[in-house]
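Enquirer:
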Amino acid sequence: GEDAAMESDRALKHLNEGWDELTGYSVLANMRGTWHDTQGSEYSLTASFRDALRLSVRVCRPDGKVQEFEGVMAVEPCEELEAGVQVVWGKKFVLDWTAFETEQQPFQIRWLPVVKNRKGFVWTRATHKIQFNWHCLPWDELTARGALATIQGTWRDGNKSEYELFAYPEDSSRLSVLT
6 GEDAAMESDR
16 ALKHLNEGWD
26 ELTGYSVLAN
36 MRGTWHDTQG
46 SEYSLTASFR
56 DALRLSVRVC
66 RPDGKVQEFE
76 GVMAVEPCEE
86 LEAGVQVVWG
96 KKFVLDWTAF
106 ETEQQPFQIR
116 WLPVVKNRKG
126 FVWTRATHKI
136 QFNWHCLPWD
146 ELTARGALAT
156 IQGTWRDGNK
166 SEYELFAYPE
176 DSSRLSVLT
């Protein structure tokens with residue numbers, strides 16, 4: 006009813022906000038791990054074996070039923086924007102970006118329906134922080150793109166020289182440096 010319509014409107018607002026591509030991949034990388042919904046189901050998010058820039062989901066329902074969804078979560082362009090991406094679960098849900106405004110690995114996230122007749126849902130992280138060993142190589146591609154998003158910005162070296170790191174316009178898997 007009305008709640009589903011409000012959630013759909015919120016999803017459309019999110020679509021109009023969008024993220025840059027590197028931020029989208031950083032968010033996706035930080036979603037890996039185990040989550041629980043309010044109905045008692047457990048969701049294990051892992052890198053897809055078919056596409057390194059997608060996540061697969063293994064769902065364990067309270068009744069013991071197990072479902073597996075290969076590569077169902079991805080970073081996709083926002084159709085409503087000329088630039089900008091969103092994190093999607095298939096074609097029916099989009100990740101609410103607000104949890105990631107203040108925290109890189111939020112404890113709770115919300116999925117918003119893209120269509121008006123569906124309801125969204127909330128997940129809670131099984132363990133609050135996922136620890137990545139950034140020094141342990143090799144990185145998978147999703148971790149590497151997440152790291153690139155993390156180091157974007159302005160940096161200073163010991164000589165007080167300033168460097169601006171930003172996504173390379175033609176290839177978001179590279180950073181440009183402006184000195």
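Using the working numbering, the first residue of the sequence shown is number 6, and each one after it goes up by one.
Beta carbons: idealized from backbone N, C-alpha and C, even for Gly.
1. Flag this pair as yes or no: are the beta carbons of G76 and D101 separated by less than 8 Å?
2. If you drop the 5 nearest sequence neighbours on each side, which residues of the same chain put their C-beta closer than 8 Å to that of T39?
3. Taking T159 as part of the beta strand (DSSP E), name the residues at either end of that continuous run.
4. Taking contact to mean 3 or more Cβ pairs, one atom from each stretch, closer than 8 Å, check whether the segment 25-43 and the segment 64-81 are in contact.
5. Could you check the C-alpha separation between L117 and W24 for me, to the nearest Å?
6. Measure the alpha-carbon distance for F112 versus A52 and round it to whole angstroms.
7. With 16 as the cutoff for other CB atoms within 10 Å, does G125 come out buried or exposed?
8. For V90 and V99, what's the separation of their Cα atoms in angstroms?
9. Where in the segment 12-99 do unbroken runs of the alpha helix (DSSP H), each at least 4 residues long, occur, reported from the N-terminal end onward?
10. Looking at the ligand HEM, does it come within less than 7 Å of W160, judged from the CB to the closest heavy atom?
11. Just confirm the distance between the C-beta atoms of A172 and L58, as a whole number of angstroms; I'd bet it's less than 8 Å.
12. What residue from K70, P67, G95 and R66 has the CA that sits closest to L60's CA?
13. Ordered along the chain, which non-local residues of its own chain (more than five positions away) have a Cβ less than 7 Å from that of Q109?
14. For R66, count neighbouring Cβ atoms within 10 angstroms of its own Cβ and tell me buried if that reaches 16, exposed if not.
Expert: Checking against the coordinates, here is how it stands:
1. Remark: C-beta atoms of G76 and D101 do not approach each other more closely than 8 Å.
2. Around T39: E47, Y48, S49, L50, R130, A131 and T132.
3. G158 to R161
4. yes
5. 16 Å
6. 20 Å
7. buried
8. V90 and V99 have their C-alpha atoms spaced approximately 11 Å apart.
9. 26-35
10. The ligand HEM is absent from the structure shown, which contains no ligands of any kind.
11. Incorrect: roughly 15 Å between the Cβ atoms, too far for contact.
12. G95
13. Taken in chain order, the residues that qualify are N35.
14. exposed
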